[in-house]
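Since the structure comes first, as structure tokens, the remarks are kept for the end.
In this note's numbering, the protein residues as written are 1165 to 1664.
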């Protein structure tokens, strides 16, 4: 059986995902064949595997750090919120059903066998599995239905390391309180703790570390300093990207929809030194954008209503009249059209809504979800940018089928499925596509940005950043940072003595 270790946190956003990614890369650098695992993830950031299965983006990051291909078994349950109390449940990479929270919790007995099968598949393929919990294991009101923290630790019989976030304040109380709220049997699984996101002089913290070690009779495996400007995808519930701004010369504005999905489509802009990526919440902020992007959505009708009621629609129309290029991705493509219809109530209780009308297309929500990796050749130029014939790759995740209503909209791409994808308006200034990850194509991003640079009178860039190479170097930077501050001999000792 595989060796295994689980990282649980005192709460959300303490850095579990990043620590797991770092440990995966550290172990891989040591020659270990390692894989990540998280039984249940709640996120609107997802990815499509080579075999067309949908999984949480955090486990994709961890798989990349481990230098292995993402597999849906690494995240067998993905919850994609569709309302304040309900989510679309993705089970083993496919849509299971939409469920409200109470109904989902009652499905524990049905879900556990699927978790076991997924984990056993990983055990058959990998030497070591690094497991991530969710939220806090001390949510005593949810313990009887837990399948992602101590409940999961029991299912797969693993030891646990607790992570506390010193940046939030109260790290000793959160670690101590979490430990005390665990049952005696659960406490036995805890082999140590980590303190994450430290800033300042670590010597000032050490007396507290020593007292906590004595109080809970568990060792501290390290104090990890805060790492600056890490260019790695993060989770939608904890990111600080939405408030980040800069004074860079080119402003790419992403309309921040309430149910925005896959904002990882835009992480790549962090690599462009002269680009300011801003998530727009005020209509007036669209006036200074050089490129406007309407992102994906998990509830397109709800988000279209937001666009109308917030005044974003009028700001987008003004930008369009001014000549600002506009790109819609997936749900954003649907929002650019004339109408969106959800007869089956797939995403919304509202049956039909008018879109922005910038593309002459109509979308009907279907009961079948399209999930696939795909590639295509560009058929039409966008914004007078020479793109025709360019090869692009990405992945599709959508419930809708979008039809062109007239010849005024031209297909954007011819795909490897012998289909057309997306559309471009007659004047060439509005583009819609179902391809997530389109900006990850270095040639596409480089060409579009250079066109904007030229129009603004700036020097064009001769070199396009290789996104895949930079991501790999960031995983190495993360691993080096964590390895320098974690007691790896002790962690390896815990792994070698693990219950596997």
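Note that the Cβ used here is the ideal one computed from N, Cα and C, for glycine as well.
Computed from a prediction, not measured in an experiment: that's the story for all the values here.
Residue i and residue j closer than 8 Å at C-beta
i: residue 1594; j: residue 1523; result: yes
i: residue 1326; j: residue 1339; result: yes
i: residue 1286; j: residue 1201; result: yes
i: residue 1185; j: residue 1225; result: yes
i: residue 1528; j: residue 1564; result: yes
i: residue 1520; j: residue 1477; result: yes
i: residue 1508; j: residue 1531; result: yes
i: residue 1199; j: residue 1238; result: yes
i: residue 1497; j: residue 1566; result: yes
i: residue 1170; j: residue 1322; result: yes
i: residue 1466; j: residue 1512; result: yes
i: residue 1556; j: residue 1525; result: no
i: residue 1600; j: residue 1426; result: yes
i: residue 1546; j: residue 1487; result: no
i: residue 1386; j: residue 1178; result: no
i: residue 1183; j: residue 1358; result: yes
i: residue 1588; j: residue 1573; result: yes
i: residue 1284; j: residue 1535; result: no
i: residue 1203; j: residue 1316; result: yes
i: residue 1495; j: residue 1461; result: yes
i: residue 1424; j: residue 1459; result: yes
i: residue 1190; j: residue 1652; result: yes
i: residue 1617; j: residue 1414; result: yes
i: residue 1515; j: residue 1506; result: yes
Which residues DSSP lists as bridging residue i, in chain order
i: residue 1325; result: 1171, 1356
i: residue 1596; result: 1492, 1587
i: residue 1540; result: 1556, 1579
i: residue 1471; result: Answer by DSSP bridge pairing: none, since residue 1471 is not bridged.
i: residue 1237; result: The partner list for residue 1237 (beta bridge, DSSP) is empty, contrary to what the question assumes.
i: residue 1546; result: 1549
i: residue 1503; result: 1518, 1526
i: residue 1211; result: 1219
i: residue 1414; result: 1439
i: residue 1566; result: 1527
i: residue 1254; result: 1242, 1259
Nearest neighbour of residue i, chosen from the options [CA to CA]
i: residue 1331; options: 1366, 1545, 1248, 1643; result: 1366
i: residue 1192; options: 1328, 1525, 1290; result: 1290
i: residue 1243; options: 1232, 1234, 1222, 1483; result: 1222
i: residue 1484; options: 1459, 1454, 1462; result: 1454
i: residue 1439; options: 1228, 1258, 1609, 1261; result: 1609
i: residue 1311; options: 1288, 1273, 1328, 1555; result: 1273
i: residue 1444; options: 1656, 1416, 1194; result: 1416
i: residue 1162; options: 1369, 1173, 1421, 1179; result: In this structure the chain extends from 1165 to 1664, so residue 1162 is not present and cannot be described.
i: residue 1577; options: 1313, 1482, 1539, 1642; result: 1539
i: residue 1428; options: 1657, 1209, 1189; result: 1209
i: residue 1412; options: 1214, 1213, 1442, 1660; result: 1442
i: residue 1258; options: 1383, 1241, 1247; result: 1241
i: residue 1228; options: 1281, 1256, 1636, 1659; result: 1636
i: residue 1446; options: 1420, 1469, 1434, 1431; result: 1420
i: residue 1232; options: 1362, 1394, 1214; result: 1214
Simplified DSSP state of residue i, which is helix, strand or coil
i: residue 1559; result: strand
i: residue 1552; result: coil
i: residue 1282; result: helix
i: residue 1751; result: This structure gives no information on residue 1751, because the portion of the chain shown stretches from 1165 to 1664.
i: residue 1261; result: strand
i: residue 1442; result: strand
i: residue 1635; result: helix
i: residue 1422; result: coil
i: residue 1459; result: coil
i: residue 1616; result: helix
i: residue 1661; result: coil
i: residue 1610; result: helix
i: residue 1466; result: helix
i: residue 1249; result: coil
i: residue 1531; result: strand
i: residue 1642; result: helix
i: residue 1625; result: coil
i: residue 1231; result: coil
i: residue 1484; result: helix
Residue i at chain B interface by Cβ criterion, 8 Å
i: residue 1491; result: Judged by its chain identifiers, the structure shown contains no chain B, having just a single protein chain.
Residue ranges of each beta strand (DSSP E) run of no fewer than 3 residues wholly in the segment 1173–1208, ordered along the chain?
1198–1201, 1204–1206
Threshold first: 3 residues or longer. Then list the beta strand (DSSP E) segments lying entirely within the segment 1293–1318, N to C.
none
With a floor of 4 residues, list each alpha helix (DSSP H) that falls wholly inside the segment 1337–1398, ordered by position along the chain.
1348–1353, 1367–1380
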